[in-house]
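Peer 1: Shown below is the structure under consideration.
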Amino acid sequence: MLQTVTAANAVDKIYNTKSITLPNAMQVVVVENHRTPAVTHMVWYKIGGADEVMGHSGLAHYLEHLMFKGTGLVAAGDFSKKVKSWGGNDNAFTSWDFTAYFQTVPKDKLESVMIMESDRMKNLSFDDAEALIERDVVIQERKQRTDSNPSAQLGEAMRAALFVNHPYARPIIGWDQELQELTPAAARDFYKTYYAPKNAILLVSGDVDAKDVFELAARTYGQINNDGAKTRPDWPEVPTIYGQTTLTHTHPSVKQAMWRKLYRVPGMAKDYKQALAFALTDELIGGNTGRLYQALAVDDPIVSAASFSYGGIAVDDSTVSIGVTPLDGVTWEQVDKAVDAVLQDVADNGVTSEELAKAVARIQDESVYERDSLTGPAMMVGYQLVSGLSLEQVEGWARDIENVTPEDIQETVRTYLLPGAAGYHAVTAHLLPQAE
Amino acid sequence: MRFTTIILGFLLMTVLANSAQAQNRVLDIEDTGKGFWHVEDHTLPIITIHFAFYGAGAVNDPAGKTGMAQILSNTLDEGAGARDAKAFQDALQDHAIELTFSSGRDHFTGKLKTLKRHAPLAFELLHDALTSPRFDDDAVTRMKQANIMRIKSSLSKTDWQASRLMNDVVFGDHPYARNSGGTISDIGSITSADLESYRETYFNKARLRIATAGDATADEMAPIVEQIFGDLAKGEGGYPVIVPVRYPETPLKKAYASDSPQSSVQMVWPALPKNDPDYHAYRVLNHILGAGGFSSFLMEEVREKQGLTYGIYSQPVFMDAADYLAVESAASPENIQAMTKSVQDIVESLKTTPVEAKRLAEAKSYLIGSLPLRFSSTLSLSGAALRMQLDGRSITSLDEWGDQIEAVTANDVQRVAQRIFASTQPIATVIAGAVPDNADFTTVTTLPGVE
């Protein structure tokens, strides 16, 4: 039989990263994992949709597409073809806070992808005609992701209402009419202004020796200077918004009503300690064994699905998102009341230290799974670093959650999630079928 | 300057290096001879188990009770043995044990992931779920409701609409035409007794296939496998094989109109099974046609050159009673005609013109080089080992993959294209969403397999 190891949960370092910063200020982070002879290589830029100027929504994401359109040394479309021909895969993604490019390749191709990725940090050179075709592609992407999905349409409207006056209010893909007018020249400007080593973080995870990666990084990314590149502009704050916002979206293809609520709350970079309390609040209230699902779907069923999740990882404010699927005949008011009752109960009566200890143990156990993949660590470490967390926090948060107390959970719910509370900023939304 | 030198040096290197590692095995699978395959891997203190009941999938859903296998997969972990739903879910959750059941069309499968320190509990929970699930009324009702609402929510998605329509068009009166996720009225009629009867009929050792992986030796896993699965009934071999699908005799084009600025498009050609002598050439063809992302003909032509869509892909589908090649995309209605024409032009050219040497070499290099990259998590190890058993492959078959792909020639690819695209027009084309004007599609007003 198996030897059951009964060591404590304590996770000293989740990823065991090794890191240096190049003289041009680019951070390089390595997670060694020798299971498969392969590596994931990622470059994260601390520039995203929230850094666009007004009227240019969608520009950061459009540029992400254009990064595959050639550099003069690598022809348009060839970047991905080369990676594929080595047996690898590559892609990129854009968020409000960042833009990231990654490749997973056999380990002997690491140097090649580092040469190509560092090349396009400096030498992007695309053709206007191709860039305009690519704009058509992005317009189709918006139609596919948002315009043909009523739930995504509602999500877009909820953020716009929640983050008033802040760039997080804009959709990453861009508002339709602005997207249609984006120009290759604007994308070029955005690239020249921001794509530079001081705005970038390199993540490599896989079958490598950190020392070798540092050396390769110095020979490739280390040779690029920052020229006049800028760091991101300051973002405006969300002002006090008076009144309660409830959005209603009816759509002919909706056959199932949905209730959603989005709260604006502190993110992990701005308030690490508060974010840990939110992470545990999520663990206790969310999930199918959490208080929300148990109260609304099991004990006295008025919904068939209920979710509660804290986003957390963000440069600026983050969100708590609650979603439920009400059973037929249940009113919006019933859902409002039932959700608030679950939160009120935590605010009034708190949680037990036993519940909390179990949640901590669960998160710590799950943190072992974080390393059980090739790409996962590069994704998670990069995501957290580019969002403004320190490497120490990235490695240590699963240990640091031990410091969260039952009172912290109670205070979190009281301060941010109850209507009328000091830190309560929320938008409620109803998605419903069109009346016959 | 230094930088430029590196780049030039790089461009002179061959990009077609073959990265297969001939000496080492791709995956160290052991056939334990005790009813399971094992992949020992001590990277992390994790153990995973994949298993299947062969042929026990949704194809067996009785008429009028579609969704039965689906509901069964949702209720096995909603209470078993002495634990009710809450106690069972708590036990999983509190120990970071991940247990999932799922019902494919052909097979009923499950997977377990646990830390080694919680393994004994994880094995007990899996054993109980398979042998003594409770099917308590409240839990069954809850899962039925959740599935009905899942169906209603899916109704607003054009790709889901297209899939429902395609099922009906391509499978006709074959059991595969039924919605494996169930219909709203059928799900409503499923009872706890139905679920127990389904479990008793199909969960047995004759149908069972098991693969394990992770931080344990095969000798350590043997008693565990016996503990988990040993109590299942013996079952009978020679279970019935479903009849092959008979495809439509002439190409069909059907449309379902719904409120969306785009249409989801699906095209299907009957294709080759996994045991066809041309199987490897088929994989190469598929990569070149539409599975190779930006290096595929479909993405190059339809997205990169014409900007008609965000994505277009091809995918071979292998099932016990049907093997076909599907192409899927989504685009504005005014782009649909140009898109379907481009797709047919591409398959036509694959039939008439041998694929150029560079493209062929790059496709082969991808298919060979990408194989080891798939095995980067503990679950991926047991998952692959189970898949190979279901496909009737040997434990060393992955090691032969490199040579088999390498041997594929341009003539082979062309021959396969001629076999699959004998009719350039797909046997079935469906669109759902915004139906273009003047489209020569037959319009369907009620989605099949929903209500």
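Chains S and Y supply the protein sequences, listed in that same order. Heads up: the first sequence runs through residues 1 to 436, numbered per this note's numbering. Heads up: the second sequence runs through residues 437 to 887, numbered per this note's numbering. Backbone N, C-alpha and C define an ideal beta-carbon position, used for all residues, glycine too.
Answer yes or no: do V351 (chain S) and P406 (chain S) have a C-beta to C-beta separation smaller than 8 Å?
Peer 2: Start at 1 with the first residue of the first sequence, and residue 351 (chain S) comes out as number 351. Start at 1 with the first residue of the first sequence, and residue 406 (chain S) comes out as number 406. The answer is yes: Cβ separation under 8 Å.
Peer 1: Do V704 (chain Y) and A864 (chain Y) have their C-beta atoms closer together than 8 Å?
Peer 2: Sequence index remark: in the second sequence, residue 704 (chain Y) carries index 268 (1-based). Sequence index remark: in the second sequence, residue 864 (chain Y) carries index 428 (1-based). Contact flag set, yes.
Peer 1: Nearest by alpha-carbon distance to Q27 (chain S): which of S:L417, S:T412, S:V381 is it?
Peer 2: By one-based count along the first sequence, residue 27 (chain S) stands at place 27. Comparing Cα-Cα distances from Q27 (chain S) to each of S:L417, S:T412, S:V381, the minimum goes to S:V381.
Peer 1: Do F786 (chain Y) and S750 (chain Y) have their C-beta atoms within less than 8 Å of each other?
Peer 2: Locating residue 786 (chain Y) in the second sequence gives position 350, counting from the first residue. Locating residue 750 (chain Y) in the second sequence gives position 314, counting from the first residue. With the sequence shown as reference, residue 786 (chain Y) is identified as Leu, and Phe is not the correct amino acid for it. For L786 (chain Y) and S750 (chain Y), no; Cβs fall outside 8 Å.
Peer 1: Let's see if you can read the secondary structure: which residues bound the alpha helix (DSSP H) around F79 (chain S)?
Peer 2: For this step, residue 79 (chain S) is matched to residue 79 along the first sequence. Looking at the DSSP string, the run of the alpha helix (DSSP H) that includes F79 (chain S) is 78-85.
Peer 1: Starting from Q698 (chain Y), find everything on chain S with Cβ-Cβ shorter than 9 Å and list it in chain order.
Peer 2: Taking the first residue of the second sequence as position 1, residue 698 (chain Y) is located at position 262. Per Cβ cutoff of 9 Å: Q140, K143, Q144, D147, S148.
Peer 1: Please confirm if A297 (chain S) has its CB atom under 8 Å from at least one CB of chain Y.
Peer 2: Residue numbering aside, residue 297 (chain S) sits at position 297 when the first sequence is read from its first letter. By this cut-off, A297 (chain S) is an interface position.
Peer 1: Evaluate contact between the region 512-532 of chain Y and the region 348-362 of chain S, counting only Cβ atoms and requiring at least three cross-stretch pairs below 8 Å.
Peer 2: Judged by Cβ distances under 8 Å, the region 512-532 of chain Y makes contact with the region 348-362 of chain S, as three or more pairs qualify.
Peer 1: Alpha carbon to alpha carbon, how far is D873 (chain Y) from G743 (chain Y)?
Peer 2: As a position in the second sequence, residue 873 (chain Y) is number 437, starting the count at 1. As a position in the second sequence, residue 743 (chain Y) is number 307, starting the count at 1. In a straight line, the C-alpha of D873 (chain Y) is about 20 Å away from that of G743 (chain Y).
Peer 1: Going by C-alpha to C-alpha distance, which of S:A305, S:T319, S:K192 sits closest to V339 (chain S)?
Peer 2: The residue given as residue 339 (chain S) occupies position 339 in the first sequence. When each option's Cα is compared against that of V339 (chain S), the closest is S:A305.
Peer 1: Around the Cβ of E52 (chain S), are there at least 16 other Cβ atoms within 10 angstroms (buried) or fewer (exposed)?
Peer 2: One-based indexing of the first sequence puts residue 52 (chain S) at position 52. Label assigned to E52 (chain S): buried.
Peer 1: Check whether chain S comes within 8 Å of K641 (chain Y), counting only Cβ atoms and requiring the distance to be less than that.
Peer 2: The count along the second sequence starts at 1 and reaches residue 641 (chain Y) at position 205. Taking Cβ atoms only, chain S never reaches closer than 8 Å to K641 (chain Y), which makes this a no.
Peer 1: Can a CB atom of chain Y be found closer than 8 Å to the CB of L374 (chain S)?
Peer 2: For the purposes of this step, residue 374 (chain S) is identified with residue 374 of the first sequence, where counting begins at 1. Yes, contact with chain Y.
Peer 1: Fully enclosed by the region 560-606 of chain Y, which alpha helix (DSSP H) runs are 4 residues long or longer?
Peer 2: You should have 573-590.
Peer 1: What in chain S is Cβ-close to Y692 (chain Y), meaning under 9 Å?
Peer 2: Working through the second sequence from its first residue, we reach residue 692 (chain Y) at position 256. Residues of chain S passing the Cβ test: none, with the nearest at roughly 11 Å.
Peer 1: Could you work out which residues of chain Y lie near V368 (chain S), taking near to mean beta carbons separated by less than 9 Å?
Peer 2: Position 368 of the first sequence, counted from the first residue, corresponds to residue 368 (chain S). Here the neighbours are L480, P481, I482, A532, L551.
Peer 1: E798 (chain Y) CB to nearest chain S CB: under 8 Å?
Peer 2: The residue you call residue 798 (chain Y) lines up with position 362 of the second sequence. By this cut-off, E798 (chain Y) is an interface position.
Peer 1: Report the CB separation of L162 (chain S) from L262 (chain S) in whole angstroms; it is logged as a contact under 8 Å.
Peer 2: Here residue 162 (chain S) corresponds to residue number 162 of the first sequence, with the count starting at 1. Here residue 262 (chain S) corresponds to residue number 262 of the first sequence, with the count starting at 1. The Cβ separation is near 5 Å, so the contact holds.
Peer 1: Do you know how far the Cα of D564 (chain Y) is from the Cα of G515 (chain Y)?
Peer 2: On the second sequence, residue 515 (chain Y) is found 79 positions in, with the first residue counted as 1. On the second sequence, residue 564 (chain Y) is found 128 positions in, with the first residue counted as 1. G515 (chain Y) and D564 (chain Y): Cα-Cα distance of roughly 9 Å.
Peer 1: In whole angstroms, what is the alpha-carbon distance linking I584 (chain Y) and G617 (chain Y)?
Peer 2: The residue you call residue 584 (chain Y) lines up with position 148 of the second sequence. The residue you call residue 617 (chain Y) lines up with position 181 of the second sequence. Spanning the two alpha carbons is a distance of roughly 9 Å.
Peer 1: Would you say Y683 (chain Y) touches the ligand FMN, meaning its beta carbon is less than 7 Å from a heavy atom?
Peer 2: Within the structure as shown, the ligand FMN is missing, as the structure has no ligands at all.
Peer 1: Quick check on this structure: which residue in Y:G885, Y:S778, Y:I587, Y:I804 has the alpha carbon closest to the alpha carbon of Q861 (chain Y)?
Peer 2: The residue given as residue 861 (chain Y) occupies position 425 in the second sequence. Measuring from the Cα of Q861 (chain Y), the nearest candidate turns out to be Y:S778.
Peer 1: Could you name the residues of chain Y that T17 (chain S) contacts, counting a contact when the two beta carbons are closer than 7 Å?
Peer 2: Position 17 of the first sequence, counted from the first residue, corresponds to residue 17 (chain S). Near T17 (chain S) there are no residues of chain Y at all, since even the closest Cβ is about 16 Å away, more than 7 Å.
Peer 1: Let's test the definition: count the other Cβ atoms within 10 Å of the Cβ of V677 (chain Y) and tell me whether it reaches 16, buried, or not, exposed.
Peer 2: Counted from its first residue, the second sequence places residue 677 (chain Y) at position 241. That one is exposed.
Peer 1: Can you tell me which of S:Y310, S:A314, S:G329, S:D328 puts its alpha carbon nearest to the alpha carbon of I322 (chain S)?
Peer 2: Position 322 of the first sequence, counting from 1, holds the residue named residue 322 (chain S). Nearest of S:Y310, S:A314, S:G329, S:D328 to I322 (chain S), Cα basis: S:Y310.
Peer 1: Using a Cβ-Cβ cutoff of 8 Å, what residues of the region 729-761 of chain Y are near chain S? List them in chain order.
Peer 2: Answer set for the region 729-761 of chain Y: G729, F730, S731, E736, R739, E740, K741, Q742, G743, L744, T745, Y746, G747.
Peer 1: Measuring CB to CB, does S592 (chain Y) end up less than 8 Å from K501 (chain Y)?
Peer 2: Locating residue 592 (chain Y) in the second sequence gives position 156, counting from the first residue. Locating residue 501 (chain Y) in the second sequence gives position 65, counting from the first residue. No, these two residues do not count as a Cβ contact at 8 Å.
Peer 1: Between the beta-carbon of P197 (chain S) and the beta-carbon of L132 (chain S), is there less than 8 Å?
Peer 2: Along the first sequence, read from residue 1 onward, the residue named residue 197 (chain S) stands at position 197. Along the first sequence, read from residue 1 onward, the residue named residue 132 (chain S) stands at position 132. Not in contact: P197 (chain S) and L132 (chain S) (Cβ atoms no closer than 8 Å).
Peer 1: Measuring CB to CB, does G946 (chain Y) end up less than 8 Å from R645 (chain Y)?
Peer 2: Residue 946 (chain Y) lies beyond the stretch modelled for chain Y, which goes from 437 to 887, so this question has no answer here.
Peer 1: Along the chain, where does the alpha helix (DSSP H) containing N288 (chain S) start, and where does it finish?
Peer 2: Taking the first residue of the first sequence as position 1, residue 288 (chain S) is located at position 288. Segment: none, N288 (chain S) is in no alpha helix (DSSP H) and carries neither H nor E.
Peer 1: L327 (chain S) versus chain Y: which residues are under 9 Å apart at the beta carbon?
Peer 2: Here residue 327 (chain S) is taken as the residue at index 327 of the first sequence, counted from 1. Those within 9 Å of L327 (chain S) in chain Y are Q581, M585.
Peer 1: Would I867 (chain Y) pass as an interface residue toward chain S - the criterion being a Cβ-Cβ separation below 8 Å?
Peer 2: As a working note, residue 867 (chain Y) is residue 431 in the second sequence. No, no contact with chain S.
Peer 1: Report the neighbours of R570 (chain Y) on chain S: residues whose CB is nearer than 7 Å to its CB, in chain order.
Peer 2: Along the second sequence, read from residue 1 onward, the residue named residue 570 (chain Y) stands at position 134. The contacting residues do not exist; R570 (chain Y) stays about 15 Å from chain S at best.
Peer 1: How many angstroms separate the CA atom of A505 (chain Y) from the CA atom of A494 (chain Y)?
Peer 2: Position 69 of the second sequence holds residue 505 (chain Y). Position 58 of the second sequence holds residue 494 (chain Y). Using only the alpha carbons, I get a separation of about 5 Å.
Peer 1: Along the chain, where does the beta strand (DSSP E) containing Y760 (chain Y) start, and where does it finish?
Peer 2: As a working mapping, residue 760 (chain Y) is identified with position 324 in the second sequence. Residues 759-767.
Peer 1: What's the gap between the Cα of T99 (chain S) and the Cα of S387 (chain S)?
Peer 2: As a first step, residue 99 (chain S) is located in the first sequence; it is residue number 99 there, counting from the start. As a first step, residue 387 (chain S) is located in the first sequence; it is residue number 387 there, counting from the start. Straight-line Cα distance between these residues: approximately 11 Å.
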